[in-house]
Amino acid sequence: MTETDAPGSLVDRRSRGLLVAAALLVVGTVVLVVVFGVQRPPSLSTLADDPADGPSAAVAWMAWERGEACVGVARPSGVVAAPWCSPAGGEVVRFSGDEIVVRTWEAGERLRTIDLDDGRPTGWLPAEDDLAVDPVPDAVWPERDDSSLTLREIGSDAVLWRVEAPERYTIDSSAHSPDGAWILMVDSAGRLLVVPADGSGPPRVWAEDVPAWPVPVWEDATAG
């Protein structure tokens, strides 16, 4: 037996080294796919950058956060707050001024009113109040081709936005403002966007980590 054929010889060490190198190459490839294969959403400016040129109404929603469903409120200034949370879950069904009505399951399915000034529950609506909420009609229709996304306003077919975007990027939900001048949208990256309904400007990011469903509710509007 030669020195190079003996157990633990240079040949064995080289073989083990090649195996380790191959394993590291596989791991490195996976890491690169995970890190660089993530499709980033289109880059957009924020509403807070120029709130004067934006909607006059606020938007509210509920999202799960650390084991609680929290009301989120995005103001026209671009400021976002979470004034009230409940471990029982819920959804915003009405939003008027400084009061939000939330459907909650704290004591069965009921409607609770929340004062946004101090985040304090102010009471329950009468049991005879209608708990049914109709689906919010979509405001936009997304169209995809190989490399871009085109948004058209439903009803008018007008193009609101055309952008180069990753294959999986889309708009999951949308709704017109009560005055019809603006459209809120929640994209597949969980961003709340707002765009002029006349297509005079691109969308801007209003808030992050917003669920597409139930659809966020405009101020002085109901979810349905």
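When you read off a place in the sequence shown, starting at 1, and then add 449, the result is the number in the numbering used here. Virtual Cβ for every residue (Gly too), placed ideally from N, Cα, C.
* To do: Kindly indicate which three-state DSSP category D621 falls into: helix, strand or coil?
  => As a working mapping, residue 621 is identified with position 172 in the sequence shown. Looking at D621 - three-state DSSP - the assignment turns out to be strand.
* Any chance you could list the beta strand (DSSP E) runs of at least 3 consecutive residues sitting entirely within the region 547 to 617, in chain order? => 548 to 553, 559 to 564, 569 to 573, 589 to 593, 597 to 602, 608 to 613
* Unbroken beta strand (DSSP E) run spanning L642, endpoints -> Indexing the sequence shown from 1 puts residue 642 at position 193. Taken as a continuous stretch (DSSP letters only), the beta strand (DSSP E) holding L642 covers 641 to 645.
* Just to confirm, are W631 and V643 a CB contact at a threshold of 8 angstroms? -> Translated into positions along the sequence shown, residue 631 becomes position 182. Translated into positions along the sequence shown, residue 643 becomes position 194. It is a contact, given that the beta carbons lie within the stated cut-off.
* Can you tell me which of E540, L641, S535, D587 puts its alpha carbon nearest to the alpha carbon of R569? => Taking the first residue of the sequence shown as 1, we reach residue 569 at position 120. Cα-wise, what sits closest to R569 is S535.
* **Own chain partners of S596 with C-beta closer than 7 angstroms, once the 5 adjacent residues on each side are dropped** => Locating residue 596 in the sequence shown gives position 147, where the first residue counts as 1. Same-chain partners within the cutoff: E613.
* Asked: Measuring CA to CA, which of G557, A624, T671, T619 is closest to P645?
  -> Reading the sequence shown from its first residue, position 196 is the one you call residue 645. Cα-wise, what sits closest to P645 is A624.
* To do: Could you check how far apart the C-beta atoms of A497 and G527 are, in whole angstroms? I think they sit under 8 angstroms.
  => Here the question's residue 497 lines up with position 48 in the sequence shown. Here the question's residue 527 lines up with position 78 in the sequence shown. Separation of the CB atoms of A497 and G527 is rounded to 3 angstroms, and the pair is thereby assigned contact status at 8 angstroms.
* Please determine if the region 492 to 506 and the region 514 to 521 are in contact, where contact requires at least 3 C-beta pairs separated by less than 8 angstroms. => no
* Asked: If you run the structure through DSSP and keep just helix, strand and coil, what is D499?
  -> Sequence index remark: in the sequence shown, residue 499 carries index 50 (1-based). Looking at D499 - three-state DSSP - the assignment turns out to be coil, as it is neither helix nor strand.
* To do: Indicate the three-state DSSP secondary structure (helix, strand or coil) for S685 in the structure shown.
  => For residue 685 there is no data in the structure shown, the boundaries of the chain being 450 and 673.
* Asked: From D579 to D594, what distance separates their C-alpha atoms?
  -> Here residue 579 refers to the residue found at position 130 when the sequence shown is read from its first residue. Here residue 594 refers to the residue found at position 145 when the sequence shown is read from its first residue. Each residue's Cα considered, the two are about 42 angstroms apart.
* To do: Report yes or no: is there a C-beta of chain B within less than 8 angstroms of the C-beta of A506?
  => In summary, chain B is missing from the structure at hand, where a single protein chain is found.
* **Classification of T553 by the beta-carbon crowding that lies within 10 angstroms, buried from 16 upward** => As a position in the sequence shown, residue 553 is number 104, starting the count at 1. By the neighbour-count rule (16 or more Cβ atoms within 10 Å), T553 is buried.
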